[in-house]
Amino acid sequence: AQSVTQLGSHVSVSEGALVLLRCNYSSSVPPYLFWYVQYPNQGLQLLLKYTTGATLVKGINGFEAEFKKSETSFHLTKPSAHMSDAAEYFCAVRPSNDYKLSFGAGTTVTVRA
Amino acid sequence: DTAVSQTPKYLVTQMGNDKSIKCEQNLGHDTMYWYKQDSKKFLKIMFSYNNKELIINETVPNRFSPKSPDKAHLNLHINSLELGDSAVYFCASSQEPLGAFFGQGTRLTVV
Chain L
103 AQSVTQLGSH VSVSEGALVL LRCNYSSSVP PYLFWYVQYP NQGLQLLLKY
153 TTGATLVKGI NGFEAEFKKS ETSFHLTKPS AHMSDAAEYF CAVRPSNDYK
203 LSFGAGTTVT VRA
Chain A
1133 DTAVSQTPKY LVTQMGNDKS IKCEQNLGHD TMYWYKQDSK KFLKIMFSYN
1183 NKELIINETV PNRFSPKSPD KAHLNLHINS LELGDSAVYF CASSQEPLGA
1233 FFGQGTRLTV V
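Protein sequences, first through last, are from chains L and A. In this text, residue positions in the first sequence follow the numbering used here: the first is 103, and each later residue adds one. In this text, residue positions in the second sequence follow the numbering used here: the first is 1133, and each later residue adds one.
What follows is the structure, given as C-alpha cells:
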C-alpha cells in the first residue's frame, strides 16, 4: 500500500519569496510521484512528475521538485512566488506496478503582496 | 478541444433520487478514474477502469456503480442519493507514465 503526507495544510508566502511545499510518501515498490495544482472551482492540473531517471524534475510555471529516495520525499519548490500561484497543491503517488493514484491532503498556498 | 469532459458541471437533487454523471476523454488513454473530493478538499479514489475493465474498486457504497461502454467513456451512476454524497466528483484519464489528466469536476449537492 502507498500513502502520501503533505506537511503543512497552509503555507503563506510573500510575493517574490521562495515557495516550499513538503511531501513525503511511502510505497512498497518504486513510486511514480506527481504534483498537481487546483485553482478555485477548477479541476486538477499536472505540475510535474517523476517516473525514472533524473531526480530533479522541472514543471510548468517555474516549479520544480526533487525525488530523494533516502528521505522518501518529493518536495516542491519555486524560487519566486507570484500572486497567481495562490491555489491548492496536491502531492500524489502511484506504485510503478499498480494503477492506484493516491493523493495527499493538500496544501493551500496564499501569496501576500 | 477539452481533453477530459464531464457533464453536468453542477447537479442539485433531492435525497433518494438516482443520478448519473458522464465523462469522456479524447486523449486515447487506456485508464480512467473517478475521484470524490470532499468539503475539506481530500481526494479519494473510487473506481478505475483500464480498457473497459474494472481494476480498482475502493470501499464505496454499492449505490455507486461505474460503467465504461468503451475506453473513452466512464460514467458514474448513483442510486438513492444521500446528503453525505454531496461533493465534487472528478473524472480523470491516464496513459502511464504520463500522469492523470482531470476533468473540471461535477459539483453534486443533495438536498
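Note that the Cβ used here is the ideal one computed from N, Cα and C, for glycine as well. No experiment lies behind these values; they were computed from the predicted model shown.
Test item: CB-CB of residue 1177/A and residue 203/L under 8 Å
Cβ distance < 8 Å, so residue 1177/A and residue 203/L count as in contact.
For residue 180/L and residue 1222/A, the rounded distance between their alpha carbons:
Near 27 Å, if we compare the C-alpha coordinates of residue 180/L and residue 1222/A.
Counting only beta-carbon separations shorter than 8 Å, does residue 1196/A have a partner in chain L?
So no, residue 1196/A is outside the interface.
Residue 1195/A - partner residues in DSSP beta bridges
Answer by DSSP bridge pairing: none, since residue 1195/A is not bridged.
Evaluate contact between the region 172–187 of chain L and the region 1140–1156 of chain A, counting only Cβ atoms and requiring at least three cross-stretch pairs below 8 Å.
no
So if I threshold CB-CB distances at 9 Å, which residues from the region 1199–1215 of chain A count as touching chain L?
none
For the region 151–186 of chain L, list the alpha helix (DSSP H) runs that are entirely contained and at least 4 residues long, ordered along the chain.
none
Collapsed DSSP secondary structure at residue 1202/A in the structure displayed:
strand
Quick one: using the 10 Å Cβ neighbour count with 16 as the cut-off for buried, is residue 1160/A buried or exposed?
exposed
Cutting at 6 Å between CB atoms, please list the residues of its own chain near residue 205/L, excluding the five before and the five after it.
Its chain contains 192, 194 as the residues whose beta carbon lies nearer than 6 Å to that of residue 205/L, once the 5 sequence neighbours on both sides are disregarded; these appear in chain order.
Given this structure, state the Cα-to-Cα distance separating residue 131/L from residue 1165/A, to the nearest angstrom.
22 Å
Residue from 110/L, 147/L, 169/L whose Cα sits closest to the Cα of residue 210/L
110/L
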